[in-house]
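A.B. asks: Numbering (the working numbering), first residue to last: 2 to 364. By construction, the Cβ of each residue, glycine as well, lies at the ideal position given by its N, Cα and C atoms. These numbers were taken from a predicted model, which means no experiment stands behind them. First the structure, then my questions, so here it is.
Given below as structure tokens:
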């Protein structure tokens, strides 16, 4: 199967996922956490780590003996129809996140960078670039991620360091001010925002090296980044952060260094690079699933079709924040994450157990 060919290193894979999740962090919308204080967002990452480990247990049980096949390959031996149904669920999930990723980029550019400009043509060009990244393939995206990380990580560290002189601990509010329930809810919503769990579920057989170690480093590092970002947002901007559409971009605009002045341009560059990696990876996975498990068309044809549908989808929701927030629904993401990361691996595990018992009886 195509999805299990051409392995990349653990470092490349989880660097790619780190940049992908970094995009979700830096494009955080204040409307997502209206019922929680920013100080509580410093605690929320701890809950996320626990939830992240728990929901990945079915995948751990599924892949602990062998990672030579992905869960779709395992399913297709038992039922081709079920394998195709599950593969379509993954395609829908990844396509949904592709549209939302580009739409958020459009919302940012249309409201912050070029508020007076029609973003349609820029949007189309961005999608074409992401499709080209998908066309280059999994290995190329992995190598590109490492190169991008060389810029992204130092850039974020540099921005945070320049903000240290603006930190005011008086802006911190008591922890759990609105109760523990609100923090737990935001933590679950945040896990739903993490499409990378589903990517791991499908692409794990294409990774070589110490996967378990790589996963924990990825989980802790992207959670730590989130905590650091919220720390500076809370201590530098205080309640003002909650009034901003993209608070982390506002935070970057407050960062200054010598002759460079505001550093929001660097922050925007980080955003764009992460968006290219994330959307390119999602489009690639969709095209490979369709090619591998349906196989009627070439992968390039599927990439073009996905790009065209992504353009149509984004044109329909672009320019209106109400449309974007309606489409970017937390409950949809949580349900799809649960299905692709928990339910599907459990189904495959049941099949494998039955198959194993059948073989034991025959012996």
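#1: If you drop the 5 nearest sequence neighbours on each side, which residues of the same chain put their C-beta closer than 6 Å to that of residue 166?
#2: Is the beta carbon of residue 94 less than 8 Å from the beta carbon of residue 202?
#3: Can you find the residues in the same chain that come closer than 8 Å, C-beta to C-beta, to residue 29, ignoring five residues on each side of it along the sequence?
#4: Since residue 149 and residue 48 are thought to touch, with beta carbons under 8 Å apart, how far apart are those beta carbons, to the nearest angstrom?
#5: For residue 351, which residues in the same chain have their Cβ closer than 6 Å to its Cβ, ignoring the five residues on either side in sequence?
#6: Quick one: is residue 327 buried, meaning 16 or more other Cβ sit within 10 Å of its Cβ, or exposed?
#7: Out of curiosity, what's the CA-to-CA distance linking residue 144 and residue 13?
#8: Among the residues of its own chain, which have a CB less than 8 Å from the CB of residue 169, if the five just before and after it don't count?
#9: Along the chain, which unbroken stretches of the alpha helix (DSSP H) at least 4 residues long are found entirely within the segment 126 to 176?
#10: Alpha carbons only, please: which of 348, 353, 354, 100 is nearest the one belonging to residue 83?
#11: From 132, 88, 233, pick the residue whose C-alpha is nearest to that of residue 309; which is it?
#12: How do the segment 268 to 281 and the segment 62 to 71 stand: do at least 3 beta-carbon pairs fall below 8 Å, yes or no?
#13: Alpha carbons only, please: which of 140, 293, 316 is nearest the one belonging to residue 209?
#14: Of the choices 195, 172, 62, 162, whose alpha-carbon is the least far from that of residue 335?
#15: Where does residue 54 fall in DSSP's three states?
C.D. replies: Taking the geometry as given:
#1: Start at 1 with the first residue of the chain shown, and residue 166 comes out as number 165. Once the five neighbours on either side are set aside, residue 166 has no close Cβ partner at all.
#2: Position 93 of the chain shown, counted from the first residue, corresponds to residue 94. Position 201 of the chain shown, counted from the first residue, corresponds to residue 202. It is not a contact, given that the beta carbons lie outside the stated cut-off.
#3: Here residue 29 is taken as the residue at index 28 of the chain shown, counted from 1. Result list for residue 29: 230, 247, 248, 249, in chain order.
#4: Sequence index remark: in the chain shown, residue 149 carries index 148 (1-based). Sequence index remark: in the chain shown, residue 48 carries index 47 (1-based). At roughly 29 Å, the Cβ-Cβ gap does not stay under 8 Å, so residue 149 and residue 48 are not in contact.
#5: Here residue 351 refers to the residue found at position 350 when the chain shown is read from its first residue. Here the set comprises nothing.
#6: As a position in the chain shown, residue 327 is number 326, starting the count at 1. Exposed, because fewer than 16 other Cβ atoms sit within 10 Å of the Cβ of residue 327.
#7: Residue mapping note: residue 144 aligns to position 143 of the chain shown, counting from 1. Residue mapping note: residue 13 aligns to position 12 of the chain shown, counting from 1. Rounded to whole angstroms, residue 144 to residue 13 spans 6 Å at the Cα level.
#8: In the chain shown, the residue the question calls residue 169 occupies position 168. Here the set comprises 236, 237, 239.
#9: 139 to 164
#10: Locating residue 83 in the chain shown gives position 82, counting from the first residue. Nearest C-alpha to residue 83: 348.
#11: Taking the first residue of the chain shown as position 1, residue 309 is located at position 308. Nearest option by C-alpha distance: 132.
#12: no
#13: Start at 1 with the first residue of the chain shown, and residue 209 comes out as number 208. Residue 209 has its Cα closest to that of 140, out of 140, 293, 316.
#14: By one-based count along the chain shown, residue 335 stands at place 334. Among 195, 172, 62, 162, the Cα nearest to that of residue 335 belongs to 195.
#15: Here residue 54 corresponds to residue number 53 of the chain shown, with the count starting at 1. Helix, per DSSP.
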